[in-house]
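Novice: Supplied in structure tokens, the structure appears directly below.
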Amino acid sequence: MNNQSFGPNGSVYPPFNQPPQGYTQPQIYNSSPQQGYTAGTNPQDYFLPPEPAMYAPPQQRQYSYTPSPEEILVRQKHNEEHIVRKLGNRAGWAAFTVHMAMYIIVIFLTIALLPSQDSPQYENIASLVNSIGAMIAMFISGFMLLGLTHTKLKNVMTFKRTKSLKRCTAAFFVGLGAIPVCNLLAQLVANNLSLIGIENKSYETSGFSTEIDLFYIVVQILCTAIVPAISEEFFFRGALLGSLKPYGQGFAIVMSSVIFGLIHGNLGQIPFAIAGGMFFAFLTIYTGSLIPSMILHCINNLLSVVQSILVQVVDENIVYAVMIAYYVLFSILAIVAFAMLSKRDKDFMHFERPESKISDSQKSLAFISSPGMIVFIVIMALETVFAYYSFG
């Protein structure tokens, strides 16, 4: 027997378990009415092959959609804002880490190193402890930010100038004259805070309880001028500015300076720190090196130390006369240097801005509205208020 069967009108069915030519075997499911049948036992169990792809059921069809130029632009803007907000989140948490790590490290160092308050060197050692704590916190947070933003250390710790020595020197004198001007403007703002109902207060301690000797002078110069110039420039004009520069130099200067100002935590320093931070950042970008901003930062803080010491040992009017002469002299030099650079260097005030679909103001809003920045701003606002009511 050849295992063939005959259908209607004498047609011949193929052997069992072999579908007719052009037909496919049906899929037998346990839940189907044909449960228990085996393929090929019933000729009626063979079905026509599936329809070609062009006649596939709707759920199997593939559709292509081409967005309009307006939709593409909206997506690009949304993507850029998301990236900048993510960057702001990381920068905010890094700045918050600086602030909190500083307190934690200082507490441990105080327990380990600080002598009793009866010691004649108590205030000197306390200054050293605070300075060391701040320096460690800055470096820890700086490296953390570099890691979070995937920024290489060699790209931010730059010490090789990109401009000629003459132009770098001229730019340095611009900063040297601009810093006192910023100081005067900040003082002017502070003196007029009463116009908006805020009393102007002094945030300086009244007098010195320790003897002004050589050790005291060395400690003050080290803790106020040298260490902050190195550690703060590493974090703010190195790690922070370096991680923001790819999104626009102007944007990086402003945002890094705002964070630099806020972290000072008192109304007496915030305005000057923001303005001064802009000149430090500008000098770093223009010269391509951290050294000029470190030197300028050190000189600015050193002048404050010298002034506070001279007031205790020299007639106060003489000290103020010397400081005014300094302000006038270097302000004139700054104007001359600025005019020279503006005339000879067409890129002097030109800030690189990468191709972007959003403006710097939109970037700044996205940056500040990130969770990390919001937490940092709230914490610093609370500390600023606390400092305001703590000083008489």
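The opening position of the sequence shown corresponds to residue 1131 in my numbering, with each subsequent residue numbered one higher.
Glycine included, C-beta positions come from ideal geometry on N, C-alpha and C.
1) Rounded to whole angstroms, what's the CA-CA distance from residue 1439 to residue 1410? Just pull it up for me.
2) Near residue 1239, what residues of its chain come up, given a Cβ to Cβ distance below 8 angstroms and the 5 sequence neighbours on each side ignored?
3) In the structure shown, what three-state DSSP assignment does residue 1170 receive?
4) Please report the distance separating the alpha-carbon of residue 1461 from that of residue 1307.
5) Please classify residue 1378: does DSSP put it in a helix, a strand, or coil?
6) Using 8 angstroms as the Cβ pair cut-off and three pairs as the minimum, do the stretch 1264-1283 and the stretch 1222-1230 touch?
7) At 3 residues or longer, and completely inside the stretch 1224-1283: list those beta strand (DSSP E) runs for me, N to C.
8) Taking the Cβ atom as the reference point for each residue, do residue 1392 and residue 1507 lie within a distance shorter than 8 angstroms?
9) Here's the rule I'm using: 16 or more other beta-carbon atoms within 10 Å means buried, otherwise exposed. How should residue 1318 be labelled?
10) Quick check on the burial criterion: 16 or more other C-beta atoms within 10 angstroms. Buried or exposed for residue 1385?
11) From which residue to which residue does the alpha helix (DSSP H) around residue 1428 run?
12) List the endpoints of the continuous alpha helix (DSSP H) containing residue 1350.
13) Where does residue 1446 fall in DSSP's three states?
14) Expressed to the nearest angstrom, what Euclidean distance is found between the alpha-carbon atoms of residue 1178 and residue 1197?
15) How about residue 1286 and residue 1382: do their beta carbons lie closer than 8 angstroms?
16) I'd like the span of the alpha helix (DSSP H) that includes residue 1399, first residue to last.
17) Output needed for residue 1183: all residues of its chain with C-beta closer than 6 angstroms, excluding positions within five of it in sequence on either side, in chain order.
18) Assuming residue 1205 contacts residue 1499 under a Cβ cut-off of 8 angstroms, what Cβ separation, rounded to an integer in Å, is found between them?
19) Can you tell me the Cα-Cα spacing of residue 1479 and residue 1472, whole angstroms?
20) Measure from the alpha carbon of residue 1358 to the alpha carbon of each residue in 1237, 1429, 1255, 1482, then state which is nearest.
21) Would you please verify whether the beta carbon of residue 1420 is less than 8 angstroms from any beta carbon of chain B?
22) Taking DSSP as the reference, what is the three-state secondary structure of residue 1155?
23) Among the residues of its own chain, which have a CB less than 8 angstroms from the CB of residue 1509, if the five just before and after it don't count?
24) For residue 1293, collect the residues of the same chain with a Cβ closer than 6 angstroms to its Cβ; drop the 5 residues on either side in sequence, then sort them by chain order.
25) In whole angstroms, what separates the C-alpha of residue 1415 from that of residue 1397?
26) When you compare only the Cα positions, how much space is there between residue 1491 and residue 1376?
27) Contact defined as beta carbons within less than 8 angstroms: I believe residue 1291 pairs with residue 1419. What is the distance between those atoms, to the nearest angstrom?
Specialist: So, to answer that:
1) 26 angstroms
2) 1259, 1262, 1263
3) Confidence at residue 1170 is low in this model, with a pLDDT of 49, below 50, so the placement of that residue is unreliable and no value is reported for it.
4) 4 angstroms
5) coil
6) yes
7) none
8) yes
9) exposed
10) buried
11) 1421-1443
12) 1344-1350
13) helix
14) Residue placement at residue 1178 cannot be trusted, given a pLDDT of 46 that sits under 50; what the coordinates show is reported in the next sentence. Distance between the alpha carbons of residue 1178 and residue 1197 is about 39 angstroms.
15) no
16) That residue, residue 1399, is in no alpha helix (DSSP H); it is neither H nor E in DSSP.
17) Note that residue 1183 scores a pLDDT of 47, beneath 50, so its modelled location is shaky and nothing firm can be said.
18) About 20 angstroms; that fails the 8 angstroms criterion.
19) 8 angstroms
20) 1429
21) Here chain B cannot be found, since the structure has a single protein chain.
22) Note that residue 1155 scores a pLDDT of 47, beneath 50, so its modelled location is shaky; the value from the coordinates is reported in the next line. Three-state DSSP puts residue 1155 in coil, outside helix and strand.
23) 1226, 1229
24) 1417
25) 28 angstroms
26) 16 angstroms
27) 5 angstroms
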